[in-house]
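Protein sequences appear in the order of chains A and B. In this text, residue positions in the first sequence follow the UniProt record's numbering: the first is 1, and each later residue adds one. In this text, residue positions in the second sequence follow the UniProt record's numbering: the first is 1, and each later residue adds one. Just so it is clear, CB atoms sit at the ideal spot from N, CA and C, and this is done for glycine as well.
There are 2 protein chains.
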Amino acid sequence: MPYDPSAFPPFAVTVDLVVLTVRRHSLCALAVRRGEAPYQGRWALPGGFVRADEDLAQAAARELAEETGLCVHDPAVPVQDNGAHLEQLATYGDPKRDPRMRVVSVAHLALAPDLPAPRAGGDASNARWAPVEELLEQAGYGRDGEPVAPLAFDHAQILADGVERARSKIEYSSLATAFCPPEFTVGELRRVYEAVWGVALDPRNFHRKVTGTPGFLVPTGGTTTRQGGRPAQLFRAGGATLLNPPMLRPEV
Amino acid sequence: MPYDPSAFPPFAVTVDLVVLTVRRHSLCALAVRRGEAPYQGRWALPGGFVRADEDLAQAAARELAEETGLCVHDPAVPVQDNGAHLEQLATYGDPKRDPRMRVVSVAHLALAPDLPAPRAGGDASNARWAPVEELLEQAGYGRDGEPVAPLAFDHAQILADGVERARSKIEYSSLATAFCPPEFTVGELRRVYEAVWGVALDPRNFHRKVTGTPGFLVPTGGTTTRQGGRPAQLFRAGGATLLNPPMLRPEV
DNA sequence: CGTGTTTATCGTCAGGCAGACGACTATGAT
DNA sequence: ATCATAGTCGTCTGCCTGACGATAAACACG
Chain A
1 MPYDPSAFPP FAVTVDLVVL TVRRHSLCAL AVRRGEAPYQ GRWALPGGFV RADEDLAQAA
61 ARELAEETGL CVHDPAVPVQ DNGAHLEQLA TYGDPKRDPR MRVVSVAHLA LAPDLPAPRA
121 GGDASNARWA PVEELLEQAG YGRDGEPVAP LAFDHAQILA DGVERARSKI EYSSLATAFC
181 PPEFTVGELR RVYEAVWGVA LDPRNFHRKV TGTPGFLVPT GGTTTRQGGR PAQLFRAGGA
241 TLLNPPMLRP EV
Chain B
1 MPYDPSAFPP FAVTVDLVVL TVRRHSLCAL AVRRGEAPYQ GRWALPGGFV RADEDLAQAA
61 ARELAEETGL CVHDPAVPVQ DNGAHLEQLA TYGDPKRDPR MRVVSVAHLA LAPDLPAPRA
121 GGDASNARWA PVEELLEQAG YGRDGEPVAP LAFDHAQILA DGVERARSKI EYSSLATAFC
181 PPEFTVGELR RVYEAVWGVA LDPRNFHRKV TGTPGFLVPT GGTTTRQGGR PAQLFRAGGA
241 TLLNPPMLRP EV
């Protein structure tokens, strides 16, 4: 028996994506330029409508693939080639968040290794990686002197929530490896933590901590000098997902 | 300019509530009996449609008040009289989760002190507090020998996610006080942890930990013997919301 | 070819915190 | 009076972390 349509108000449901990566020692998020009203020309988070036959996670994975070409790896297996981590973040449903109509947006958080270039329907000028501090400024000027406007809709709030989730989650999980290529060094992993948290970490204590946590890292046997200096061991992400005891974020 | 309604599929949006409390040393959740198809007569989580002019949090607070009489206290102030903690949990949107139509449910988690009796539209027989293990069993028999059927829809999954959120969140936040009355003893707070985690904790180490964490507990000056034995100091929840270092959940 | 720079890695040491557990206190029950 | 119950204070030991010295292995530059 179908429902009485007058019994409930109809909603549009969308997914919005907070896609984070680490580029040049800073935490960056994917932003796309809006081509239509409202907020035409403003930067926003990528996203779109959930289709009639789609699960929420499927919709988020589809949008992620459309915007970045990333595919989502199975959460049961460790982070691997070109696979991004994707998880639900939170849902935003203020009645006035979209001036056109009642839209409920299920935000998702994606973590990806550094990628060559974003694409937004093939148009590179309408998508970019921007440092999160820049996107979260209320107004001002970016690194290139271009004036920066706040993100469209409530996307600044969504981005802030996503960044906070990422910052806290790398404390007690091995998620930081999702920002790394399939093989990486301890130093590269440390620079991920430093970029996400915005702090400096002691290389010696960090090395002791991550190599001493069982299941976090597994050596591949190879070494690399791509960072300069003494050759460093290469690792892959181990099977462990929870870090116990957690990595401690320095105060302040 | 309104949207073209054919551009997106319409959804019904609901809020479902995982309302947890501690009764008789066990973690219990509020369940209501369904009065109509589908799953007629089965137990389910309380919930309902989000209204056209309502925020998601408002809808959850309204449903909570309707089912329990609890009001939600401002998250900025500490837990206080008859106020419950309420937070968004996750959103569930599988296309087949409701056989009637496309429903997206924004689940919320509420934590409340032990309450006299639930009410579901005034009908007490259609609402009850049940131990979460009992509700999460696939099938079997409850404590009273009554046969137990699984929760309706995907509510077992939602409940499991809510319980897991509560279990992990009392580790690193002062949220356990939301299960306590306005004034409580260290022993009562310890029994909350023991019920939620399902473990036994050392009373001496627990006492040292919670009284030694600045801002967690503030003494009211009074004492009580309601638990028997030597009189215990009464405390209120302090302003601190984050516990650092966290309370450690014993292994296994 | 030495010297300096960079990054990686190993070691040492002191302080803090948690688990294990002994001891004592203050109430009610019998 | 004695016991049972629950609360509170201490002690000790082991582990982890932060601070930091020392060494190793590459490259850059003269």
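By the criterion of a C-beta distance shorter than 8 Å, T211 of chain A is surrounded in its chain by V186, L217, once the five residues flanking it on both sides are discounted.
Counting the other Cβ atoms within 10 Å of the Cβ of T225 of chain B gives fewer than 16, which makes it exposed. Leaving aside the five residues that flank P231 of chain B on each side, the residues in its chain whose CB is nearer than 6 Å to its CB run, in chain order, T223, T225. At least 9 Å separates the CB of V18 of chain A from every CB of chain B. Under the three-state reduction of DSSP output, S125 of chain B falls in the helix class.
A distance of 9 Å or more separates the beta carbons of F184 of chain A and A112 of chain A.
Fully contained in the segment 192 to 240 of chain A are the following alpha helix (DSSP H) runs of length 4 or more, in chain order: 203 to 212.
In the DSSP assignment, T21 of chain B falls within the unbroken beta strand (DSSP E) covering 12 to 23. Shown here for A107 of chain A: same chain residues with a beta carbon closer than 6 Å to its own, the five before and five after excluded, namely D16, L89, A90, I158 in chain order. Shown here, L86 of chain B sits in a strand according to DSSP, grouped into three states. Residue burial annotation: P46 of chain B is buried, with at least 16 other C-beta atoms found within 10 angstroms of its C-beta.
At a Cβ-Cβ threshold of 9 Å, L201 of chain B and R190 of chain B count as neighbours. Taking 9 Å as the cut-off, the beta carbon of L115 of chain A is found no closer than this to the beta carbon of G162 of chain A.
Across the structure, W43 of chain A and V103 of chain A are spaced so that their CA atoms are roughly 19 Å apart. Using a CB distance cut-off of 9 Å, V163 of chain A does not count as an interface residue toward chain B. A distance of 9 Å or more separates the beta carbons of S26 of chain B and E164 of chain B. Ranked by how close their Cα comes to the Cα of T14 of chain B, the residues B:L56, B:R24, B:E36, B:Q40 have B:L56 in first place. In the three-state DSSP reduction, V163 of chain B falls in the helix class (H, G or I). In terms of beta-carbon proximity, G212 of chain A stays away from the interface with chain B, with every pair separated by 9 Å or more.
Under the DSSP definition of a beta bridge, F153 of chain A lacks any partner.
The Cβ atoms of P10 of chain B and A12 of chain A sit closer than 9 Å to each other.
Distance check between T177 of chain B and each of B:D154, B:R208, B:G215 places B:G215 closest, using alpha-carbon atoms only.
The alpha-carbon separation between E63 of chain B and R24 of chain A amounts to approximately 47 Å. Against chain B, the CB of G93 of chain A has a partner CB under 9 Å away; the residue lies at that interface. Our two residues, P203 of chain A and P182 of chain B, have alpha carbons roughly 46 Å apart in a direct line. Contact with chain B is absent for P250 of chain A, since none of that chain's Cβ atoms lies less than 9 Å from the residue's Cβ.
One finds A90, T91 in chain A with Cβ atoms closer than 9 Å to the Cβ of Q88 of chain B, taken in chain order. Taking the Cα of Q40 of chain A as reference, the smallest distance to any Cα among A:Q227, A:V50, A:P99 is reached at A:P99.
Counting along the chain, no beta strand (DSSP E) covers A61 of chain B; the unbroken alpha helix (DSSP H) around it starts and ends at 56 to 68. L56 of chain A has a beta carbon lying within less than 9 Å of a beta carbon in chain B. Just so you know, the alpha carbons of P38 of chain B and V19 of chain B end up roughly 22 Å apart. Within the DSSP secondary-structure output, G48 of chain A pairs in a beta bridge with A:V15.
Under the 10 Å beta carbon count, A52 of chain A is surrounded by fewer than 16 other beta carbons and is classified as exposed.
Rounded to whole angstroms, the separation of the alpha carbons of F8 of chain B and F49 of chain A is 7 Å.
For L111 of chain B, the enclosing beta strand (DSSP E) starts and ends at 103 to 111.
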